[in-house]
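Inspection log for the structure reproduced underneath, given as structure tokens.
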Amino acid sequence: MTKNIPQEHFLKDYQSPDYEIKSVYLTFYLSPNKTQVVNQMLVEAKGDKKPLLLDGDKSLKLISIKENNRLLVKEDYELSSESLTLFPKSSQFELEIVTEIDPESNTYLEGLYRTSGNYCTQCEAEGFRRITYYMDRPDVLSSFTTKIVADKTESKVLLSNGNLIDSGDLPNNQHYAVWEDPYKKPCYLFALVAGNLEVVEDTFVTQENRKVALKIYVEARNLDKCEHAMQSLKKSMQWDEERFGLAYDLDIYMIVAVDDFNMGAMENKGLNVFNSKYVLAKPESATDHDFEGIESVIGHEYFHNWTGNRITCRDWFQLTLKEGLTVFRDQEFTADMLSPDVKRIEDVKRLRNTQFPEDAGPMAHPIQPQSYIEMNNFYTMTVYEKGAEVVRLYHTLLGEKGFQKGMKRYIERFDGQAVTIQDFRQAMAEANNVNLNQMHHWYVQPGTPHLKVTKIYNPITKCLALKFSQFLNGKQVHLPLLIPVLFGFMDEEGNELPIKPSISTKNKVSQTEKGMLLKVTQLNDTFEFMGLETAPYLSLLRHFSAPVSLNYKASEEELMILASHDTDSFVRWESIQKLAMLNLKENVTRFKNSEPCLVLDSYQNAFKAVLEDEQIDLALKSLAMALPDITYFSEQYEEVDMDAVLASHNFLKKAMAELFEELLLETYQALQAFEKPKYQYHKHDIASRMLKNRCLNYLLQLPKHFELGIVQYQKHHNMTDVLAALEAMNHLDRAERAQCLEDFYQKWQSDNLVIDKWFALQASAQSDQVLEDVKKLTKHPDFTYHNPNRIRSLLGGFGRINFAGFHAKTGEGYQFLADEVLKVDKLNPQVAARLASLFSPWQRLAEPRRTLMHKAIERIASADDLSKDVFEIVSKTLKSHDSL
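In full-length UniProt numbering, the protein residues as written are 1 to 884.
This is how it looks when you write it as structure tokens:
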């Protein structure tokens, strides 16, 4: 371990700032290695004079400090690698701090850095302290004015937050621009971009008749890939007005796309900075998934204008206040733009595959963490995705009308403030005159709640009792959660039955816009229903109404009825997935006992019924046909035998291809025949491609159909179908696969985002030599450790998707990734920490993998000069074993 243990920060220690920074005037004299930053602040003490602590970083070079125009000497302040402490003479004063920074050498991609010759900033969460000394915390709201001075040849475009109020030429080929943001903001929302960029322009007129200039800045070679992003922005602005009554508040909205970016995008006021992955798209180079991701992320960052910028977080422990709420909003936006049912299932899959494991691992934390060492480590699936599910609970409980009443109260009361999760709950409760105090339990307890359901039917009284029990982390000793359960009853023919709650249950069950709803509020809760001639089949957790793991032992017959007839799309999909899971688990047992694997009749019949159903939405059919992801499958076991899991999954996928070869081929060919000649981003076209490529993926489990993949790769011109063909061929060790990959590279080698796909494809290949291939690819001329997308594609893809390669029994996959974590940590700790998190499930692996992965983690932990980002991940990963 590192010798110096980094400091841990606790929510309980929060104290409001002693000073207020009324206004900030920043002047940047841009230069690749020596950028000078002049920071002029008007500062005012809130109470008695105390030392003024300003956050900083070891990368800052302090040039000078002036207090009320008086030059300070070293005896007037205390300087450390992380802070600058001043001792002001008066309670209100002007402070000028001049620093020098080196953007060119900033590989952390936090603060001000250079990417492809352009200047760019990333200040959330604590990057502003790498630009200048400042109170780098979200509850310090200030008025910002920014002047940028740069060489005209090097940086023809000069951008910052707010509105442009002045610009002009200067001597020596220099020019300047001055931007003023009329809204107070915390420094994490500060942004600056400068460089040689081109712009795509459009306009939007708000409901308040404000004409907003829309501008997307990209490198010249990417001008033809911005149309979808621009349309997504306009859709977002219109949707937010129509659904939430929220209109944009500046005269200009700018988006800048950059290749080197740690995150997906950043909502800086008026100047969003985006990972180019979430801006650039055209059918030839981007998939349906890419198009949807762009629409979603554009919406997400725009929606932050109100839920994040106008109302921000008091401290970083409140991060889910802005992120959980805004993810919920972007999920609703995408659902309205495409298919609500498909979107809901995809969100649940994402939650189960990524957040549920996080909740069960060493980095488990509540959606409101109680402590952190490095805040960047808590931009997590828990804070974002589970946080969104908790916001959805409010929507489910209150309905659309009640939720919007709460939102209106929240906006009106807290606009222009830095607030807490309690403020949001209070607004929802007061607007609807209800007590929502129990909702707080969702914010402060880690782990995925397990909801056990027992069905007791009395044929004499015709009554049904449903007993619900809540468990968290395997125990019942916790604060009881408010769990809304949307439900229905069905008979043996698949008909919906009327629901008649007993007198004792009546107040706990209600009819909502989404269906019948019961509220589980106790650790053990019982609900009674009358007038049922036979024991009904239970349709539970419709629309996935709460982020819980449902423990109800439905019979195979019950699941088959629900899969075929339930009126709720989520429950239909879930029932087929449960049948698949029963089959997968059966084969794990058989593999361990050296018995042959098999296909259960129940799953075979359900799969056939879905494939033959001509009424079901094509996208829902595709989702239902897919086996549960290996990540979610393996999470069902306390001890994971990776060999058994992979053998079971591989067998069932190939077996289904063999059983339904004719029907799959017929479906594939029919969809090919009806395909439109021109690509369209429309939900029906997306669904058609999705099902067609699901069939192709199954068919290529059988080598005799390999030619289908070759033909689709060669003849299709949209990236969705081209990539689907490559993915389907990817597990077969054939010369044609290698030829297609080489052809793909030659065609797209100048397009960074497409080449990311090329690296990811090879990292995920299920072949014996995949580790050697990945090692060779780290030496490829197009691989770079300076681009987070490239690292995520190759190294992240290998560790996250390639279960056979990463979990090789020799432990070589673990050792390789440990080496790579240490390399990346020297350049970009934030990205290295994400890679290190791939080791988190080590204690759940069966031997010998558990010991082998543990050794790899220990090697990372014992390295000298480990960043606090990686230190936090590996120390908690190792500590989790000690606490078992």
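Note that CB positions come from ideal geometry on N, CA and C, so glycine has one too. These numbers come from a predicted model, not from an experiment.
Taking the Cα of K386 as reference, the smallest distance to any Cα among L351, T146, K234 is reached at L351.
Burial check for P171: the Cβ neighbour count within 10 Å stays below 16, so the residue is exposed.
Annotation for T287: M719, T720, L723 place their beta carbon closer than 6 Å to its own, counting only its chain and skipping 5 residues before and after.
Under a 10 Å Cβ-count criterion, R210 is classified as exposed, with fewer than 16 other Cβ atoms of the shown protein chains found around its own Cβ. T203 counts as exposed, since fewer than 16 other C-beta atoms from the protein chains shown sit within 10 angstroms of its C-beta. In the structure shown, I791 adopts helical secondary structure according to DSSP, grouped into three states. Here the C-alpha atom of K282 lies approximately 34 Å from the C-alpha atom of E574. In the three-state reduction of the DSSP assignment, D55 falls in the strand class. DSSP places A265 in the strand class (E or B) of the three-state scheme.
Secondary structure within the region 608 to 675: not one fully enclosed beta strand (DSSP E) run of 3 or more consecutive residues is present.
Here M135 carries a coil assignment [DSSP, helix/strand/coil]. Its Cα nearest to that of F570, the residue S539 stands out among S539, E595, C597. In the three-state reduction of the DSSP assignment, H365 falls in the coil class. 7 Å or more divides the Cβ of F816 from the Cβ of T877.
DSSP places T320 in the uninterrupted alpha helix (DSSP H) bounded by 319 to 337. In this structure, DSSP gives P703 a helical state, which the three-state scheme calls helix.
By the C-beta criterion, the region 441 to 461 is judged to be in contact with the region 532 to 551, since at least 3 inter-stretch pairs fall below 8 Å.
Following the DSSP letters along the chain, one finds H450 inside the beta strand (DSSP E) bounded by residues 449 to 458. Here K747 carries a helix assignment [DSSP, helix/strand/coil].
DSSP places C120 in the strand class (E or B) of the three-state scheme.
Short of 6 Å from the beta carbon of H441, and not among the five residues preceding or following it, lie these beta carbons of its own chain, in chain order: L479, L481. Contact check between the region 286 to 306 and the region 222 to 239: three or more CB pairs, one atom from each, fall below 8 Å, which counts as touching. The three-state reading of DSSP puts H304 in coil, since its state is none of H, G, I, E or B. With contacts defined by Cβ atoms closer than 7 Å, D825 and S867 form a contacting pair. Where K776 is concerned, the enclosing alpha helix (DSSP H) starts and stops at 770 to 777. Here R734 is exposed, its C-beta having fewer than 16 other C-beta atoms within 10 Å. Within a 10 Å sphere around the beta-carbon of I873 sit 16 or more other beta-carbons, which makes this residue buried. For A670 and H9, the gap between their C-alpha atoms comes out near 59 Å. A residue is called buried when at least 16 other Cβ atoms come within 10 angstroms of its Cβ; R221 does not meet this threshold and is exposed. Under the 10 Å beta carbon count, I630 is surrounded by 16 or more other beta carbons and is classified as buried. The way I'd put it, the region 93 to 109 doesn't touch the region 10 to 18; fewer than three beta-carbon pairs between them come closer than 8 Å. Per DSSP, the continuous alpha helix (DSSP H) segment holding N583 begins and ends at 569 to 592. Every alpha helix (DSSP H) of 4 residues or more that sits fully in the region 841 to 882 is shown, in chain order, as 849 to 861, 868 to 882.
DSSP, read as helix, strand or coil, puts A465 in strand. Beta bridge pairing from DSSP links Y19 with A45.
Assigned with DSSP and collapsed to three states, G494 falls in coil, not helix or strand.
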